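A.B. asks: Next up is a structure, given as C-alpha cells.
There are 2 protein chains.
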Amino acid sequence: MQRSAADTTMMDGDETLEPRINGVDAAALRAAVDDVRARPARGRYRFRAVNRWLDGAHTRTTVNGFIAADAEQRKRTRPFVLESDLPAVSAEGDRGLDPLEYLLVALGACLTRTLVWHASIVGVHLDAVEVRVEGDIDLAGCLGDQDRAGTGYRQIRATVLVDADAPDAALDDLLATATRLSPVLNTVRAGTCIEVRRVPAKSPARSP
Amino acid sequence: MQRSAADTTMMDGDETLEPRINGVDAAALRAAVDDVRARPARGRYRFRAVNRWLDGAHTRTTVNGFIAADAEQRKRTRPFVLESDLPAVSAEGDRGLDPLEYLLVALGACLTRTLVWHASIVGVHLDAVEVRVEGDIDLAGCLGDQDRAGTGYRQIRATVLVDADAPDAALDDLLATATRLSPVLNTVRAGTCIEVRRVPAKSPARSP
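See below:
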C-alpha cells in the first residue's frame, strides 16, 4: 500500500534467487517442491481436530498433533483451543464462531497462503493481500425442514485484493494459480469423501 | 459418562415437552423450525470472514457481522480474530492453525451442534458428545507439482462418540440425522460453487 500505483517495476531473474521474499524462505520452499516431486511420501499429511460438546450450541475443539511426511509431529508446545457457538442473534451464545464461519476462515487463510507461496516462488514482492470471503446458506434444511434438507452453502464468493509492484496480468496469473492449487478451496469446490461412524461411549479404550 | 451402561431408560412423550434440554431451548428451536418452514426468508444467512496476510505463511482472519433472516446482525460486541500459520514442522511458524485444520474444526463443531439440536428436538438427554475428525491430504499438488495439482483432502473421517441414556438404535438414528443435515458436512461432501475475483488494490473505495 505504501508504493504508488505508477511504480510497477517487475521482478527480474536475479530477484527470484533471493533466499527470502515476502517472509518466505523461497529457496527452502523450492527445495520442498523438488523433494515432494522426488519422494511422494513427503507430501502426505494427516490433520486432526477433536470437538467436544459443552452445553447447548457451545462446543470446544482442540487441535494439536498431525502427521507430516508419514511421521507424527510433536513440535507444538501447546494445543490450539477453539470455541464454537450460535452467533449472537439473541442475548445467548456468541462464545465462539459459528461452525459455518470456521469454514470461511479456512478458505480465506488457505487462499492467501497459497498465493503468498507462489508469489515467493516466482519472485513477486507483495505489499498486501486481503481475501474477503462470504457464503450464502439457507439454514431451514439443517433445522429439519425436509423439503430443504441436506443443504450446505449455496454459493461462496472470495474477493481478493493483491497490492504488489507487478502488472495486473501478473497478479491475475498469481490468483489463478492460487485458486487452482489451494487445498481447502479444492476440497470444498470439488467435494470430498467424508466417512462418519459412531463408536460406543463405553468402549474398552475409554475404561480407566 | 457418569451413568452406567445398563441405565438406558428412554425419553417418553412428556420429556419432549421440556422447555430446556441439553442446554437448548427446545421449544424455541421447534418454533424456529416452524418459522423457517412458513417464511423461507427467515432461514437465509450470509456469513463472512476477512483474511489479511501478515508475513510469510502467517495470516489473520477477522469475523464479525453476518446476515440472518435477510437482516444485518450487529449484536456481536467484538470481532473474533483468528491466526493461521504453518504448523511447527520447523522452528518457525505455529502462530495459529493450518488452514486445513480450520476446515476440520468447522466439520467437527458443525456435526456436534447439529446432533445436539436434533437430540433436543426429539427429547434425547445427552451426557457427552465427542467428534474426532481427521483428513488425509497430499500437499505436493498445492506446492505446485503439476501432476498432483488441484488436490484437496483425499478423505475425511469423523469418529463420533455419543453418551446418552438411549438405546444404540436411537443414537444411530441421531447420528444419521446429524450427518444428513449438518450444513458444513454437506458443503464439503457435495462440493460448492466458489467464485473468486480480484479487485484493484488502488480502487476508489479504498482511497482516503
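Residue numbers (our numbering), protein chains in the order written: chain A, 21 to 228; chain B, 21 to 228. A virtual CB, placed ideally from N, CA and C, is assigned to each residue, including glycine. Just so we're clear, the structure is a prediction, and the values are computed from it rather than from any experiment.
Name the one or two DSSP bridge partners that GLN175/A has.
C.D. replies: Taking the first sequence and counting its residues from 1, one reaches residue 175/A at position 155. Partner(s): ASP156/A and CYS213/B.
A.B. asks: What separation, rounded to the nearest whole angstrom, lies between the Cα atoms of PRO60/B and ALA148/A?
C.D. replies: Numbered from its first residue, the second sequence carries residue 60/B at position 40. Numbered from its first residue, the first sequence carries residue 148/A at position 128. About 40 Å.
A.B. asks: When the cut-off is 7 Å and only beta carbons count, does ASN71/B lie next to chain A?
C.D. replies: To locate residue 71/B, count along the second sequence from 1; it is residue 51. It does; some Cβ of chain A falls within 7 Å.
A.B. asks: Please compile the residues from chain B whose C-beta is within a distance smaller than 8 Å of the C-beta of HIS138/A.
C.D. replies: Here residue 138/A corresponds to residue number 118 of the first sequence, with the count starting at 1. Neighbours of HIS138/A on chain B, chain order: GLY164.
A.B. asks: Taking its Cβ as the centre, do 16 or more other Cβ atoms sit within 10 Å of CYS213/B, making it buried, or is it exposed?
C.D. replies: The sequence position of residue 213/B within the second sequence is 193, counting from 1. Result: exposed.
A.B. asks: Considering only the beta carbon of each residue, do ALA129/B and THR79/A sit closer than 7 Å?
C.D. replies: The residue you call residue 129/B lines up with position 109 of the second sequence. The residue you call residue 79/A lines up with position 59 of the first sequence. Yes, they are a contact pair.
A.B. asks: Does THR82/B get closer than 7 Å to chain A when you measure Cβ to Cβ?
C.D. replies: For the purposes of this step, residue 82/B is taken as the residue at position 62 of the second sequence. Cβ-Cβ to chain A under 7 Å: no for THR82/B.
A.B. asks: Leaving out five residues before and five after VAL125/B in sequence, what residues of the same chain have Cβ atoms less than 6 Å from its Cβ?
C.D. replies: Within the second sequence, residue 125/B is the residue found at index 105, counting from 1. Hits under 6 Å: none found.
A.B. asks: Can you look up ARG98/B in the DSSP assignment and give me helix, strand or coil?
C.D. replies: The residue you call residue 98/B lines up with position 78 of the second sequence. Coil at ARG98/B, not helix or strand.
A.B. asks: If we count the other Cβ atoms within 10 Å of its Cβ and call it buried at 16 or more, is PRO228/B buried or exposed?
C.D. replies: Against the second sequence, residue 228/B aligns to sequence position 208. Reliability of the predicted coordinates at PRO228/B is poor, the pLDDT of 40 falling under 50, and the value obtained from them is presented with this limitation in mind. PRO228/B should be labelled exposed.
A.B. asks: Taking all protein chains shown into account, do 16 or more other C-beta atoms lie within 10 angstroms of the C-beta of PRO107/B, making it buried, or fewer, making it exposed?
C.D. replies: Locating residue 107/B in the second sequence gives position 87, counting from the first residue. Buried, by the Cβ-count rule.
A.B. asks: Let me see if you follow: with CB-CB separation under 7 Å, is ARG94/B close to chain A or not?
C.D. replies: Residue 94/B sits at position 74 when you count from the first residue of the second sequence. With 7 Å as the cut-off, ARG94/B does not count as an interface residue toward chain A.
A.B. asks: Taking DSSP as the reference, what is the three-state secondary structure of ARG57/A?
C.D. replies: Here residue 57/A refers to the residue found at position 37 when the first sequence is read from its first residue. Reduced to three states, the DSSP call for ARG57/A is helix.
A.B. asks: Could you check whether the segment 150-164 of chain B touches the segment 165-181 of chain A, counting it as contact only if at least three pairs of C-beta atoms, one from each stretch, sit closer than 8 Å?
C.D. replies: At 8 Å Cβ cutoff, the stretches do not touch.
A.B. asks: Would you please verify whether the beta carbon of ASP183/B is less than 7 Å from any beta carbon of chain A?
C.D. replies: Within the second sequence, the letter at position 163 stands for residue 183/B. It does: the Cβ of ASP183/B has a partner Cβ on chain A nearer than 7 Å.
A.B. asks: What span of residues does the beta strand (DSSP E) with ASP12/A cover, start to end?
C.D. replies: Since the displayed chain A opens at 21 and closes at 228, residue 12/A lies outside it and no answer follows.
A.B. asks: Quick one: which chain B residues come within Cβ less than 7 Å of HIS158/A?
C.D. replies: Locating residue 158/A in the first sequence gives position 138, where the first residue counts as 1. It is Asp, not His, that sits at residue 158/A in the sequence shown. Ordered by position in chain B, the residues that pass the 7 Å Cβ test against ASP158/A are GLY63 and ARG64.
A.B. asks: Provide the residue span of the alpha helix (DSSP H) that contains VAL144/A, from first to last.
C.D. replies: Within the first sequence, the letter at position 124 stands for residue 144/A. Note, VAL144/A: premise wrong, no alpha helix (DSSP H); not H, not E.
A.B. asks: When the cut-off is 7 Å and only beta carbons count, does PRO119/A lie next to chain C?
C.D. replies: You won't find chain C in this structure, because its protein chains are A and B.
A.B. asks: For MET165/B, which three-state DSSP category applies?
C.D. replies: For the purposes of this step, residue 165/B is taken as the residue at position 145 of the second sequence. One point to set straight first is that residue 165/B is Asp, not Met, in the sequence displayed. Of the three classes helix, strand and coil, the one that applies to ASP165/B here is coil, per DSSP.
A.B. asks: Quick check: the Cα distance between GLU103/B and GLY164/A, rounded to an integer number of angstroms?
C.D. replies: Here the question's residue 103/B lines up with position 83 in the second sequence. Here the question's residue 164/A lines up with position 144 in the first sequence. Computed Cα separation, rounded: 34 Å.
A.B. asks: On the CB-based measure, 16 or more other CB atoms within 10 Å of its CB, does PRO243/A come out buried or exposed?
C.D. replies: Nothing about residue 243/A can be read from this structure; chain A reaches only from 21 to 228.
A.B. asks: For ALA46/A, which option in HIS145/A, LEU131/A and ASP118/A has the closest C-alpha, if you only look at C-alpha atoms?
C.D. replies: In the first sequence, the residue the question calls residue 46/A occupies position 26. Nearest option by C-alpha distance: HIS145/A.
A.B. asks: Taking Cβ positions, are ASP156/A and ARG174/A nearer each other than 7 Å?
C.D. replies: The residue you call residue 156/A lines up with position 136 of the first sequence. The residue you call residue 174/A lines up with position 154 of the first sequence. Their beta carbons are under 7 Å apart, which means ASP156/A touches ARG174/A by this criterion.
A.B. asks: Can the beta-carbon of ALA198/A be found less than 7 Å from the beta-carbon of LEU131/A?
C.D. replies: Position 178 of the first sequence holds residue 198/A. Position 111 of the first sequence holds residue 131/A. A contact, by the Cβ cut-off of 7 Å.
A.B. asks: Give me the Cα-Cα distance between SER140/B and LEU195/A, rounded to the nearest whole angstrom.
C.D. replies: Here residue 140/B refers to the residue found at position 120 when the second sequence is read from its first residue. Here residue 195/A refers to the residue found at position 175 when the first sequence is read from its first residue. Approximately 45 Å between the Cα atoms of the pair.
A.B. asks: Which class does LEU181/A belong to by DSSP, given the choice of helix, strand or coil?
C.D. replies: The count along the first sequence starts at 1 and reaches residue 181/A at position 161. Residue state, collapsed to three classes: strand.
A.B. asks: From which residue to which residue does the beta strand (DSSP E) around ARG80/B run?
C.D. replies: Position 60 of the second sequence, counted from the first residue, corresponds to residue 80/B. Run containing ARG80/B: 78-83, per the beta strand (DSSP E) assignment.
A.B. asks: Could you tell me the boundaries of the beta strand (DSSP E) in which ALA221/A lies?
C.D. replies: Along the first sequence, read from residue 1 onward, the residue named residue 221/A stands at position 201. That residue, ALA221/A, is in no beta strand (DSSP E); it is neither H nor E in DSSP.
A.B. asks: Which word fits VAL208/B, buried or exposed, when buried means at least 16 other C-beta atoms lie within 10 angstroms of its C-beta?
C.D. replies: On the second sequence, residue 208/B is found 188 positions in, with the first residue counted as 1. Buried, since its Cβ has 16 or more Cβ neighbours within 10 Å.
A.B. asks: Assuming ASP75/A and GLY143/B are in contact, meaning their beta carbons sit under 8 Å apart, how far apart are those beta carbons, in whole angstroms?
C.D. replies: The residue labelled residue 75/A in the question sits at position 55 within the first sequence. The residue labelled residue 143/B in the question sits at position 123 within the second sequence. No, ASP75/A and GLY143/B are not in contact; Cβ-Cβ is about 17 Å, not under 8 Å.
A.B. asks: So ALA221/B contacts chain A; which residues on that side make the cut at Cβ distance below 9 Å?
C.D. replies: In the second sequence, the residue the question calls residue 221/B occupies position 201. Simply MET21, ALA25, ASP147, ALA148, GLU150, LEU181, VAL182, ASP183, ALA184 and LEU191.
A.B. asks: May I ask you to report which of helix, strand or coil DSSP gives SER104/A?
C.D. replies: As a first step, residue 104/A is located in the first sequence; it is residue number 84 there, counting from the start. If DSSP states are grouped into helix, strand and coil, SER104/A belongs with the strands.
A.B. asks: So which residues of chain A does VAL101/B contact, with C-beta pairs closer than 9 Å?
C.D. replies: Mapped onto the second sequence, residue 101/B falls at position 81. Within 9 Å Cβ-Cβ: nothing; VAL101/B doesn't reach chain A, min ~10 Å.
A.B. asks: In this structure, what does DSSP give as the bridge partners for GLU92/A?
C.D. replies: For the purposes of this step, residue 92/A is taken as the residue at position 72 of the first sequence. For GLU92/A, which the question treats as bridged, DSSP gives the partners ILE87/A.
A.B. asks: Classify THR81/A: buried if its beta carbon has 16 or more other beta carbons within 10 angstroms, exposed otherwise.
C.D. replies: For the purposes of this step, residue 81/A is identified with residue 61 of the first sequence, where counting begins at 1. Classification of THR81/A: buried, given that the 10 Å Cβ count is 16 or more.
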